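2 protein chains.
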Amino acid sequence: MAIIRNTIAKKAVFEIIQLNKTAMSQTEIFAKVNNICDRVTVYRILERLVKEVKIHKIVNINGVINYAPCNSCSHEQHLHHDHLHFSCTTCKKLTCIADNHIELNIPSNYQVAEVFLTVSGICPDCIIMA
Amino acid sequence: MAIIRNTIAKKAVFEIIQLNKTAMSQTEIFAKVNNICDRVTVYRILERLVKEVKIHKIVNINGVINYAPCNSCSHEQHLHHDHLHFSCTTCKKLTCIADNHIELNIPSNYQVAEVFLTVSGICPDCIIMA
DNA sequence: TTTATAAACGCAACAATGTTGCATAATTGT
DNA sequence: ACAATTATGCAACATTGTTGCGTTTATAAA
Ligand SMILES: [Zn+2]
Ligand SMILES: [Zn+2]
Ligand SMILES: [Zn+2]
Ligand SMILES: [Zn+2]
């Protein structure tokens, strides 16, 4: 069952995520929805969008959860979305980088589900500023 | 300057981290120190141990920060500690796995500092249980 | 051993992020 | 239009981490 509804708030949240070049936290997204809904609703919409494989969840190196659209990643790719994330230590922005297939050197008695590859450093924009 | 002191609480925290096979969060560590110090002190001790390169910090896939000893990783390795972390979705335990050197497929205009590689799935212990 | 000094600590208060329960509102298929 | 159920608002709570400040304690020097 579970009929999916396309509400105003949901459309707004999804559009905000899609239009942004970098991943965004719930706090940043809520700041942009201009009070069309409660902050709790944003959390619940994000949950739903993840479940619907329209966005994906990324933990930044500081522990804050960010969300980015699933443009580049297909449905199967998403399940083991092994693309790389770049976390800028200067501007704190988190960016999805093209797929980066890697060889896992891991004992065979571990059952692998998803791979999370995040690289910290300085992004092009911040290098120019420096 | 900055004289490093080896206090009772610090020794206890370090020992707890060393004796545990998997990485631990501040909450888990504080639960084990048996009230020999305040929870804020645990946070501050962890900070210091990271700075002294005795332990390293790992963000779990749920955003919670965990700590593990720097046994296997040498001083240089630590700076770009490119070993792999396994995050069990069943028991929630986070384990350091042997070094896993990878080829980064990343545009040259990004300045890379550290690589964080975390794999989710089911750990050997939980596979046996299932 | 005593003393001086900076490091470490306790406590209370705060801040950020995320979750839950429940009554109400809105969307969709019939 | 109506019923079914999805989605929302609001308040309250939970967890994780931080800050300020006065007090205690470890260490090195006297
Ligand atoms: Zn940047
Ligand atoms: Zn991504
Ligand atoms: Zn497990
Ligand atoms: Zn590790």
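Chains as they are written, first to last, in the working numbering: chain A, 16 to 145; chain B, 16 to 145. All residues carry an ideal CB built from backbone N, CA and C; glycine is no exception. All of these numbers come straight from a predicted model, not from anything done at the bench.
Return the Cβ separation of residue i and residue j in integer angstroms, given the expectation that the two are a contact with Cβ distance under 8 angstroms.
i                     : j                      : result
residue 76 of chain B : residue 133 of chain B : 6 angstroms
Apart from the five residues just before and just after residue i, which ones in its own chain have a Cβ nearer than 8 angstroms to its Cβ?
i                      : result
residue 44 of chain A  : 28, 31, 32, 57, 61, 82
residue 115 of chain A : 97, 98, 99, 132
Less than 8 angstroms separating the beta-carbons of residue i and residue j?
i                      : j                      : result
residue 78 of chain A  : residue 48 of chain B  : no
residue 98 of chain B  : residue 121 of chain B : no
residue 140 of chain A : residue 85 of chain A  : no
Would you report the Cα separation of residue i and residue j, rounded to the nearest angstrom?
i                      : j                      : result
residue 145 of chain B : residue 103 of chain B : 13 angstroms
residue 39 of chain A  : residue 124 of chain B : 22 angstroms
residue 59 of chain A  : residue 130 of chain A : 25 angstroms
residue 67 of chain B  : residue 36 of chain B  : 21 angstroms
residue 94 of chain B  : residue 69 of chain A  : Residue confidence is low: residue 94 of chain B scores 49 on pLDDT, short of 50, so the model does not pin down where it sits. Its coordinate-derived value is still stated next. Distance between the alpha carbons of residue 94 of chain B and residue 69 of chain A: 35 angstroms.
residue 42 of chain A  : residue 71 of chain B  : 28 angstroms
residue 63 of chain A  : residue 34 of chain A  : 19 angstroms
residue 65 of chain B  : residue 135 of chain A : 17 angstroms
residue 126 of chain A : residue 18 of chain B  : 45 angstroms
residue 119 of chain A : residue 23 of chain A  : 42 angstroms
residue 109 of chain B : residue 128 of chain A : 14 angstroms
residue 25 of chain A  : residue 117 of chain A : 35 angstroms
residue 137 of chain B : residue 101 of chain B : 9 angstroms
residue 192 of chain B : residue 21 of chain A  : The structure shown has nothing for residue 192 of chain B, since chain B only spans 16 to 145.
residue 80 of chain B  : residue 80 of chain A  : 12 angstroms
What does a CB cutoff of less than 7 angstroms around residue i pick up in its chain, not counting 5 residues either side in sequence?
i                     : result
residue 54 of chain B : 45
Got a sec? Which residues, its chain only, sit under 6 angstroms from residue i by beta carbon, not counting five neighbours each side?
i                      : result
residue 142 of chain B : none
#### Entry: By C-beta, the residues closer than 7 angstroms to any heavy atom of ligand 3, given in chain order
Going by the Cβ distance cut-off, the answer is B:103, B:105, B:106, B:108, B:137, B:138, B:140, B:141.
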